[in-house]
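If you read the sequence shown in this note's numbering, its first letter stands for residue 767, the second for the next number, and so on.
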Amino acid sequence: MPIPSQTATFGIDQIIQIKIPKGVDLSCAIQESVEQNNIDSAVILSGIGALKKGVFRNLRVEPKKYPVTNQDRLYLVVKKPLELVSLTGWVAQRTDGKIEVHAHFAASYVEGDTVRTVGGHLTEGTETSIKVIVTLGILKECQKAAVDPLHQQWDLDLE
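(1) When DSSP labels each residue in this structure, what does Q909 get in the three-state scheme?
(2) Beta-carbon separation of I786 and V867 under 7 angstroms?
(3) In whole angstroms, what separates the C-alpha of Y832 from that of R823?
(4) Which residue from V857, A858, Y875 puts its Cα closest to that of E849?
(5) Would the beta-carbon of R839 fall within 7 angstroms of that of A911?
(6) Determine the contact status of L825 and A873, defining contact as a CB-CB distance below 7 angstroms.
(7) By Cβ distance, which residues of its chain are closer than 7 angstroms to Q918, with the 5 residues on each side in sequence left out?
(8) Assuming T880 contacts L792 under a Cβ cut-off of 8 angstroms, what Cβ separation, rounded to an integer in Å, is found between them?
(9) Taking D820 as the reference, which of E828, K897, I899, G891 has the closest Cα?
(10) Suppose only complete runs of 3+ residues qualify. What are the beta strand (DSSP E) ranges in the stretch 874-923, listed by chain order?
(11) To the nearest angstrom, how far is the alpha carbon of I725 from that of V790?
(12) Per DSSP, what kind of secondary structure is Q797 in: helix, strand or coil?
(13) Within the continuous beta strand (DSSP E) that includes Q780, where are the two ends?
(14) Do E925 and Q772 count as a contact pair if the criterion is CB distance below 7 angstroms?
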């Protein structure tokens, strides 16, 4: 059975780095930065730095019907020093004209004498500590996001 897929090729026009200071909501800062810099199409190449709180959103169960609701999700809140070890995602212009930022992250923290690493969808409430550097690859072409008819949520539209 063939696997349905969509592909698109984009060129990177430039690389931009955003330094986000201590005490800032990481998700909101990325959204504000792309809007202030008129970025409508990008890939989140990386993010490193320190966090004082991480809010990780994951799917608890596969929903019987869509869209996914908060009852289907688990929000894990970690309130302790965290090291941001990975940040990836995309920025796209939605069909309604707004800019959609979709990002996932992983962060590690110390528990006793053990380092634990957790990951999930970057959610509002994730707060920076010391600083975070986010690197975006700005695309030459406009990347679009549309509501996926099956999942009923914003997703990349690569057609």
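The beta carbon of each residue, even a glycine, is placed where N, CA and C say it ideally should be.
Per the coordinate set shown:
(1) In this structure, Q909 counts as coil in the three-state DSSP scheme.
(2) No. Outside cutoff.
(3) The alpha-carbon atoms of Y832 and R823 are separated by roughly 17 angstroms.
(4) E849 has its Cα closest to that of Y875, out of V857, A858, Y875.
(5) In this structure, A911 does not lie closer than 7 angstroms to R839 by Cβ.
(6) The answer is no: Cβ separation not under 7 angstroms.
(7) Counting only Cβ-Cβ distances below 7 angstroms, and skipping sequence neighbours, we find Y832, P833.
(8) At roughly 25 angstroms, the Cβ-Cβ gap does not stay under 8 angstroms, so T880 and L792 are not in contact.
(9) One point to set straight first is that residue 820 is Gly, not Asp, in the sequence displayed. Out of E828, K897, I899, G891, G891 has the C-alpha closest to the C-alpha of G820.
(10) Fully enclosed beta strand (DSSP E) runs of 3 or longer: 880-888, 893-905, 910-913, 920-923.
(11) Residue numbering for the chain in the displayed model covers 767 to 925; residue 725 lies beyond these limits and cannot be assessed.
(12) Helix.
(13) Going by DSSP, Q780 is part of the beta strand (DSSP E) stretching over 778-787.
(14) Result yes, Cβ atoms of Q772 and E925 sit closer than 7 angstroms.
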